[in-house]
Amino acid sequence: MEKYYIVDSSILPESFDKVIQARQLLESGKVRQVSEAVKIVGISRGTYYKYKDLVFLPEENMIDRKAVISLMLENRRGMLSKILQTVSESSASVLTINQNIPIHNIASIVISLDLSHLTGTVDDLLNNLKQVSGASNIQLVSIE
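With UniProt numbering, letter number 126 in the sequence shown gets 126, and the count goes up by one each step, no holes.
Next comes the structure, spelled out in structure tokens:
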């Protein structure tokens, strides 16, 4: 189970802040390539790629939270419905679903969620999804 902390940036390595700065440059469109962003902020590409999906700033407005999860589902009738029911029971809202065609009777799914009204924690939701028979490899891809 993953743990998340909110800590004062003064105790973290400077590279964490620079990773966030590089990501903001890319997201804002001020630069187009990772190599440009890391050069501007003064970190290596390796450092950027190592931490880019692990270091985030808490949003000023935590009411509008979003997450992306990925999972694998057995190709059986009603599987996606069970996943969506589990999401609904946690009071999260589905924003998008991308389901690939099943290969060897397993389909990969990526779901983006609005967590504004989530009851419980993200870990609770992930653990509930892991309890769905036929679902596997459930991962939190990103959260904001």
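Cβ atoms here follow ideal geometry from the backbone N, Cα and C, with glycine treated the same way.
> For the beta strand (DSSP E) that contains ASN98, what are its first and last residues?
Replying inline: ASN98 -> beta strand (DSSP E) spans 93-99.
> What residue from VAL38, PRO102, ILE138, ASN105 has the CA that sits closest to VAL87's CA?
Replying inline: If we check each option's Cα against that of VAL87, ILE138 comes out closest.
> Can you name the start and end residues of the beta strand (DSSP E) that LYS66 belongs to?
Replying inline: For LYS66, the uninterrupted beta strand (DSSP E) segment begins and ends at 66-74.
>> Give me the residue from ALA22, TYR51, ARG45, ILE101 with the minimum Cα distance to LEU12.
In response: When each option's Cα is compared against that of LEU12, the closest is TYR51.
> PHE16 by DSSP, collapsed to three states: which one?
Replying inline: The three-state reading of DSSP puts PHE16 in helix, counting H, G and I together.
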